[in-house]
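Engineer: Pasting a structure here, questions to come.
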Amino acid sequence: MRGHGEIARHVERVVEVVEKGAGLPRHTAAQDRLARSWKRSLSNYQVDPSLASTPQVVTAQELREHRDRLDAFMRIAREGLDRLHEQLLPSNYCVLLTDATGVTVDFRTVPSLDRELRGEGFRNGTRWSERDEGTCGVGTSLADGQPILVHRGEHFRSHNIAFTCSSAPIFGIDDRPLAVLDASALYSPENRDSQMLVFQMVVEKARLIEDAFAFHSLRDYWILQLGRTPELMNVHTDYLLAFDDTGLFVGGNRRARKELLQRGGRTANTVSDLFECSANDLLAAAHARPGQAIPLRITDSGERIFGLLRAPDARRRAPANIAGDTPDLNGCNEARGFGHLTTGDSRVRTNVQRALKVANRDIPVMLLGETGTGKEAFAKAIHDCSSRHKQPFVALNCAAIPESLIESELFGYRDGAFTGARSKGARGKIIQSDGGTLFLDEIGDMPLQLQSRLLRVLAEGEVLPLGAEQPIPVKLHIVCATHQDLPTLVEEGRFREDLYYRLNGAVFMLPPLREREDIGTVIDRVLEEEARAMGREALRLAPETRDALIRHGWPGNIRQLRHAMRYACAICESTLLHASHFPPDLFFGPRLMSGRPVREEMQRMPAPAPSGFFPPAAEEAALPPLKEKDLRLRERMLETLRRNQWQVTLSAKELGLSRATFYRKLARLQIVPPNRQGH
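If you want it as structure tokens, here you go:
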């Protein structure tokens, strides 16, 4: 609690700096920046320095919109947040990520201080811009585009003068700010210099996240990782440059753009402008020495540098997204539609790419998959990224409505059409969806008689409500879904063949949760969403519980996962979720294991990224037969290593082993790091 005397003295200092031109007390290297920020806060934004109220928080819907705009970036930044939080947690620092407007979109708390942190405004959704809070770490680093340490009384608002905040902005490959990484503590020593180590850690982690996102944004081009020490190339990258098949540079990380592409007043536009070789020479050298650093010489200085060349993503050869946002395709904004569904699974990614191409075409869509795989969410995403997104999205579950009511629900009726009808009639789902999208879930359960009527509507473009004399024209786009085998139903005479081919335009098979490559990420996201909905952002999964959830069979897929996670979040009284918090039958049912062979489970591996992440490689050497107990241990160690990006210290700690014991088990179980394969 800030005392009245402390607040009064702080306001007096602000007035001296802003109105009388005095310097900030205690000379610091950032004095001029802080003084300018104080002036902006008072003169430009009229922030009241005496206010002791907590910062403003956006609504849940607004927070969802802020997060959706950063979906791809947040998936990449998440590991950086986790690692920084792990390093700083013993000193009671929380870690947060904001978007370019200063709204907190991801947050890591201090469990023992969680209630107090939330009370002071450290939570998802809080606004930290200078316009809202005046001088603070996030707001000021966004205002002038530079990392900053704002310590205690250097904050503008009296509410914040006990905090210490180290913040660093993160930029996209277009040099526009994407986010801010911040580490803050409620309590800290008076001496500002005590925070310099934390400040440097934040700056370094922000640079790694920024480089990783540059790598992701440019993945459809040739990416050249550059450094001055070849032995460190796989774990540290000074520069990232991307070029197309003609050798034209299309982007890079900030350091490369500033130090390599702009040199001595000249701009290097192509590979041959920068190096004493052409793009073809570089490609030939990389082909001759795969995975090895290539010596290069910079043209104007003669400086020697080494490069590792990464080929374009074979799955996507579209132009890179220079703006750092999700690309538009045929006018479809993927972030508006599919951003929350794509979490790393290759089959889902392929489905999304195809869906974006057909979203604005006059092509009916059929979604196939088990119950709970997210068919309605996928249908809504297609609608949201289409030109119809401002028109209605209307859903009807054909299996959930009695057969006697489906006809009136679908086609509507006039007043007095049948006993019990509403006096004013009803428009029906088809008319409600006019100009938008009609989603027919469980289409295989539609009665044959109604199939004939639906076929007529599709053929003629008009619908005749029950009891009506004149048909009503409709512009209809149908997305249907089923978990049944429709061709078999056609053969058995339970589904009309002509309707099947009328609906069978673009077919998408949605994978079950247990088979998805990104099941761990899906689990993390569902926890995040359910915990946030309950105001319990501090909740985390115990490692062994997360492993068990990944191995679970999930017959109910994402729907079952969401219900189980909601239950666990509701009954957990601490900040760590264990198996005991989940529904009792979840871990003791007949489908505990995913059903995948152990060898297949062990081969699953996350996608590579630069600067501290290992390049792709096969993980497993030929193994002699191992006992079942050793196979289970080997599988668990591999999963832990992958989750920690092959950091032995972190993995050993997570498993409760010393490093020496962990290394012995690595050797005994013949687990080879991916960057050592073939050595």
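Residue numbers (the numbering used here): 230 to 908.
For every residue, glycine included, the Cβ atom is placed at its ideal position computed from N, Cα and C.
1) If you drop the 5 nearest sequence neighbours on each side, which residues of the same chain put their C-beta closer than 7 Å to that of D474?
2) Report the rounded CA-to-CA distance for R769 versus L806, giving the unit in angstroms.
3) Which complete beta strand (DSSP E) runs does the segment 374–460 hold, if anything under 3 residues is left out?
4) Go ahead and label V246 buried or exposed: buried means 16 or more other beta carbons lie within 10 angstroms of its beta carbon, across all protein chains shown.
5) Helix, strand or coil for P813? Go by DSSP, reduced to three states.
6) Taking DSSP as the reference, what is the three-state secondary structure of R495?
7) Do N353 and R791 have their C-beta atoms closer together than 8 Å?
8) L410 and I377: beta carbons closer than 8 Å?
9) Threshold first: 4 residues or longer. Then list the alpha helix (DSSP H) segments lying entirely within the segment 612–641, N to C.
10) Looking only at C-alpha atoms, which of Q454, F400, F392 and R483 sits nearest to L415?
11) How far does the beta strand (DSSP E) with L313 in it extend, from its first residue to its last?
12) What is the DSSP secondary structure of E738, reduced to helix, strand or coil?
13) With a 10 Å radius around its C-beta and 16 neighbouring C-beta atoms as the bar for buried, classify M425 as buried or exposed.
14) Hey, how far is the Cα of I611 from the Cα of V581?
15) When DSSP labels each residue in this structure, what does P702 get in the three-state scheme?
16) State the Cα-Cα distance for the pair P741 and T750, rounded to the nearest angstrom.
17) For a test of the three-state rule: what should DSSP assign to C506, helix, strand or coil?
18) Is it buried or exposed, D670, if we count other Cβ atoms within 10 angstroms and call 16 or more buried?
19) Run the CB neighbour count on R544, radius 10 Å, all protein chains shown included, and call it buried at 16 or more, exposed below.
20) Alpha carbons only, please: which of I701, Q316 and E726 is nearest the one belonging to K882?
21) Going straight from the alpha carbon of N463 to that of P593, what length do you get?
22) Using 8 Å for Cβ pairs, my map puts V500 next to F472. What's the rounded Cβ distance?
23) Reducing DSSP to helix, strand and coil, say where V332 ends up.
24) CA-CA distance, R495 and C506?
25) On a Cα-Cα basis, can you pick out the residue from L634, I707, L693 and R312 that is closest to S662?
26) Just to check my reading of the structure: V334 and L326 have Cβ atoms closer than 8 Å, yes? What is that Cβ distance to the nearest angstrom?
27) Using CA atoms only, rank isn't needed, just tell me which of A301, E349 and G374 is closest to A329.
28) Which same chain residues, not among the five before or five after A281, have their C-beta less than 7 Å away from its C-beta?
29) Quick check on this structure: which residue in A515, A435, C394 and V286 has the alpha carbon closest to the alpha carbon of P418?
30) Given this structure, state the Cα-to-Cα distance separating V332 from H295, to the nearest angstrom.
31) Locate the beta strand (DSSP E) running through Y468, then write down its first and last residues.
32) Once you ignore the five residues that flank A588 on each side, which residues in its own chain have a CB closer than 6 Å to its CB?
33) Quick check: what's the CA-CA separation for A735 versus R448?
34) Relative to the C-alpha of Q454, which residue among G309, I672, Y468 and Y322 is closest?
35) Taking R484 as part of the alpha helix (DSSP H), name the residues at either end of that continuous run.
36) Out of P541, I672 and P524, state which residue places its alpha-carbon closest to the alpha-carbon of V479.
Structural biologist: Working from what's here:
1) For the purposes of this step, residue 474 is taken as residue 245 along the sequence shown, with counting starting at 1. Around D474: no qualifying Cβ.
2) In the sequence shown, residue 769 corresponds to position 540, counting from 1. In the sequence shown, residue 806 corresponds to position 577, counting from 1. Annotation: R769 to L806 spans about 6 Å, alpha carbon to alpha carbon.
3) With a minimum length of 3 residues, the continuous beta strand (DSSP E) runs that stay inside the segment 374–460 are 377–380, 393–400, 406–414 and 451–456.
4) By 1-based counting over the sequence shown, the position of residue 246 is 17. Answer is buried; the Cβ neighbour count reaches 16.
5) The sequence position of residue 813 within the sequence shown is 584, counting from 1. DSSP places P813 in coil when its eight states are reduced to three.
6) Translated into the one-based positions of the sequence shown, residue 495 becomes position 266. Strand at R495.
7) Against the sequence shown, residue 353 aligns to sequence position 124. Against the sequence shown, residue 791 aligns to sequence position 562. Contact flag unset, no.
8) Taking the first residue of the sequence shown as 1, we reach residue 410 at position 181. Taking the first residue of the sequence shown as 1, we reach residue 377 at position 148. With respect to I377, L410 sits apart: the two C-beta atoms are not nearer than 8 Å.
9) The segment 612–641 contains these whole alpha helix (DSSP H) runs: 632–640.
10) Along the sequence shown, one-based indexing puts residue 415 at 186. When only C-alpha atoms are compared, the closest one is F392.
11) By one-based count along the sequence shown, residue 313 stands at place 84. It is not in any beta strand (DSSP E) - L313 instead sits in the alpha helix (DSSP H) that spans D300 to L317.
12) Your numbering for residue 738 matches position 509 in the sequence shown. At residue 738 the sequence reads Met, which differs from the Glu that was named. In this structure, M738 counts as strand in the three-state DSSP scheme.
13) In the sequence shown, residue 425 corresponds to position 196, counting from 1. Looking at its Cβ environment, which holds fewer than 16 other Cβ atoms inside 10 Å, M425 is exposed.
14) Reading the sequence shown from its first residue, position 382 is the one you call residue 611. Reading the sequence shown from its first residue, position 352 is the one you call residue 581. Approximately 9 Å between the Cα atoms of the pair.
15) As a working mapping, residue 702 is identified with position 473 in the sequence shown. Of the three classes helix, strand and coil, the one that applies to P702 here is strand, per DSSP.
16) Along the sequence shown, one-based indexing puts residue 741 at 512. Along the sequence shown, one-based indexing puts residue 750 at 521. The C-alpha of T750 is placed about 14 Å away from the C-alpha of P741.
17) Sequence index remark: in the sequence shown, residue 506 carries index 277 (1-based). Residue state, collapsed to three classes: coil.
18) To locate residue 670, count along the sequence shown from 1; it is residue 441. D670 is buried by the Cβ-count criterion.
19) Locating residue 544 in the sequence shown gives position 315, where the first residue counts as 1. With a pLDDT of only 34 at R544, under the threshold of 50, the placement of this residue in the model should not be trusted, and no figure is reported.
20) The sequence position of residue 882 within the sequence shown is 653, counting from 1. Just measuring C-alpha positions, the residue of I701, Q316 and E726 sitting nearest K882 is Q316.
21) Numbered from 1 along the sequence shown, position 234 holds the residue referred to as residue 463. Numbered from 1 along the sequence shown, position 364 holds the residue referred to as residue 593. Taking the straight line joining both Cα atoms gives about 47 Å.
22) Within the sequence shown, the letter at position 271 stands for residue 500. Within the sequence shown, the letter at position 243 stands for residue 472. 6 Å between Cβ atoms; contact.
23) Taking the sequence shown and counting its residues from 1, the one referred to as residue 332 is at position 103. DSSP places V332 in strand when its eight states are reduced to three.
24) Counted from its first residue, the sequence shown places residue 495 at position 266. Counted from its first residue, the sequence shown places residue 506 at position 277. When rounded, the distance between both Cα atoms is 18 Å.
25) Stepping through the sequence shown from its first residue, residue 662 is reached at position 433. It is I707.
26) Your numbering for residue 334 matches position 105 in the sequence shown. Your numbering for residue 326 matches position 97 in the sequence shown. With a Cβ gap of about 6 Å, V334 and L326 count as contacting.
27) As a first step, residue 329 must be located in the sequence shown, where it is residue number 100. Checking every option, the nearest Cα to that of A329 belongs to G374.
28) Position 52 of the sequence shown, counted from the start, is the residue given in the question as residue 281. Excluding positions up to five away in sequence, the list reads R231, I236, S387 and H388.
29) On the sequence shown, residue 418 is found 189 positions in, with the first residue counted as 1. When A515, A435, C394 and V286 are compared, the shortest CA-CA separation from P418 is found for C394.
30) Here residue 332 refers to the residue found at position 103 of the sequence shown. Here residue 295 refers to the residue found at position 66 of the sequence shown. When rounded, the distance between both Cα atoms is 8 Å.
31) In the sequence shown, residue 468 corresponds to position 239, counting from 1. Going by DSSP, Y468 is part of the beta strand (DSSP E) stretching over Y468 to F472.
32) The residue you call residue 588 lines up with position 359 of the sequence shown. For A588, where only same-chain residues beyond five positions count, the Cβ hits under 6 Å are C561, I611, C614 and S615.
33) As a first step, residue 735 is located in the sequence shown; it is residue number 506 there, counting from the start. As a first step, residue 448 is located in the sequence shown; it is residue number 219 there, counting from the start. So the two alpha carbons sit approximately 28 Å from each other.
34) Walking along the sequence shown from the start, residue 454 turns up at place 225. Per the Cα distances, Y468.
35) For the purposes of this step, residue 484 is identified with residue 255 of the sequence shown, where counting begins at 1. The continuous alpha helix (DSSP H) containing R484 extends over residues R483 to E488.
36) Here residue 479 corresponds to residue number 250 of the sequence shown, with the count starting at 1. The residue with the shortest Cα to Cα distance from V479 is P541.
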